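J.:
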Amino acid sequence: MDLSIVDIAPVRAGETATDAYEDTVALAQAAERLGYSRFWVAEHHGLADAIASTTPEVLISHLAAETDEIRVGSGTVLLNHYSPFKVAETFSALDALAPGRIDLGVGRATGMPAVDRALQSGPPRAGDDHAEKIEAVASHVYDAYPDDHPYSDIVMPRSEEGVPEVWVLGSSPSSAEIAGELGLPYAFAAFIRPTVAERALDTYRESFQSSPFDGGLDDPHSMLAVNVACAETDHEAARLRASSEAAYQRMARGAFGPPPTVEEAVDEIGGVPDPTPESLDPSEWPRAVSGSPETIGTLLENMTDQVGADEVIVQNLIEDPEDRIRSHELTAEGVGLAE
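Going by numbering that gives the first Met the number 0, the letters in the sequence shown line up with residues 0 to 338, in that order.
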């Protein structure tokens, strides 16, 4: 199984973004050592006291310089805030700096109204132009504009080893349909809307068409994003998962801040969560799973088989950086990655 990591650079209580970035670099280096395929960083805004991953393109450049071979990328760039050309140009430059190692994951999300307004470069556009923007990004990256198009002569920074790999990221059947119709790889965020995963990935395959882009796909290829806490035993892993459970409850209340320690989380949610069963129907999937390496290996194999995903990318919201790295080490052991 191809296994990857997506990180949000969480900021611990009493620490700064500098500390969070150092933890993210350490995790990326561990991921490379452990045999993970990709290391992606998310984009969140207005939560800098809790999440330092605000600008994936900046972090990616640094992470590429601090690692040797692992693919690094965005999970995701929030395309609703930006010009498709600028995103494509930025990631083409990143690929020229780290040839053959850059993934461009594009999606969309809104946040606090004040932050969304601050990110706007002009008046809001009417209608839903998400599919149009994704197609524009891919057209720039893959140099796919026809000769009579006004953008056909625009030249991107290039390496000799190809171009960034463009992924569509989402948590709904509508994003899956866009990815399928454009013939691009698709990553579904099961830690956001887990019970929609089966329908979204079915939609992706049903709508898939061979890509018009040279760097696109002839066959569908999908990734499942899962929040995973792994420890030596199922009980200890469930205890670590309390951090994610408490964080999700806080977000539902609109309460944001530094991630809770495991002890704080257990107290907040009223005890250690029950261990995750090894097998769950997709309609019962929770936002976070936990277990020993053996349990996680079985869980991830079952989940990918149930929805037909080709890869898995894992996240966790464990507050302690050493516990976070250890969780990823044990997850790698559970799915049989070789260091």
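The C-beta atom is built at its ideal place from N, Cα and C for all residues, glycine as well.
From a predicted model like this one, the values you see are computed outputs, not experimental measurements.
For the pair the segment 194-210 and the segment 147-162, tell me if three or more CB-CB distances fall below 8 angstroms.
T.: The answer is no - the segment 147-162 does not touch the segment 194-210, with fewer than three Cβ pairs under 8 angstroms.
J.: Which stretch, first to last residue, makes up the alpha helix (DSSP H) that contains S206?
T.: First-last of the alpha helix (DSSP H) with S206: A196 to S206.
J.: If we ignore side chains and look at the alpha-carbon of each, how far apart do E300 and A254 end up?
T.: Taking the straight line from one Cα to the other gives about 34 angstroms.
J.: Can you give, in chain order, each stretch of the alpha helix (DSSP H) that sits fully within the segment 152-234 and has at least 4 residues?
T.: Here the runs fully enclosed are 172-181 and 196-206.
J.: Between which two residues does the beta strand (DSSP E) containing D1 stretch?
T.: Residues D1 to D6.
J.: Could you check whether L2 and V306 sit closer than 8 angstroms to each other, using their CB atoms as the reference points?
T.: Cβ atoms of V306 and L2: not closer than 8 angstroms.
J.: Which whole-angstrom value is the C-beta distance of I7 and I50, which I expect to be below 8 angstroms?
T.: 5 angstroms between Cβ atoms; contact.
J.: Could you tell me whether the segment 212-228 touches the segment 273-291, using the rule of 3 or more Cβ pairs below 8 angstroms?
T.: As far as the Cβ criterion goes, the segment 212-228 touches the segment 273-291, which means the pair count is three or higher.
J.: Can you give, in chain order, each stretch of the alpha helix (DSSP H) that sits fully within the segment 42-78 and has at least 4 residues?
T.: You should have 55-65.
J.: May I ask you to report which of helix, strand or coil DSSP gives E21?
T.: DSSP places E21 in helix when its eight states are reduced to three.
J.: Specify the secondary structure class of I101 as computed by DSSP and reduced to three states.
T.: It is a strand residue.
J.: Between A137 and L181, which are expected to be in contact by the criterion C-beta below 8 angstroms, what is the C-beta distance as a whole number of angstroms?
T.: At roughly 6 angstroms, the Cβ-Cβ gap stays under 8 angstroms, so A137 and L181 are in contact.
J.: Beta-carbon of A337 versus every beta-carbon of chain B: anything under 8 angstroms?
T.: In summary, chain B is missing from the structure at hand, where a single protein chain is found.
J.: Could you round the C-beta distance between I268 and E244 to whole angstroms and report it? I think they count as a contact, below 8 angstroms.
T.: Going by Cβ atoms, the distance from I268 to E244 rounds to 5 angstroms, so yes, they are a contact pair.
J.: Between the Cα of L316 and the Cα atoms of R249, A308 and P55, which residue gives the shortest distance?
T.: With distances taken between Cα atoms, L316 lies closest to R249.
J.: In whole angstroms, give me the CA-to-CA distance for L200 and L216.
T.: So the alpha carbons of these two residues sit roughly 16 angstroms apart.
J.: Which residues mark the beginning and the end of the alpha helix (DSSP H) in which A130 is found?
T.: Per DSSP, A130 belongs to the alpha helix (DSSP H) from H129 to V140.
J.: My understanding is that P320 touches A12, with C-beta atoms under 8 angstroms, so please give their C-beta distance in whole angstroms.
T.: Not a contact, Cβ separation roughly 13 angstroms.
J.: So, is P112 buried or exposed, given that buried needs 16 or more other C-beta atoms within 10 angstroms?
T.: Exposed is the call here.
J.: Which value, in whole angstroms, describes the spacing of the CA atoms of L46 and Y247?
T.: Their backbone Cα atoms lie some 15 angstroms apart in a straight line.
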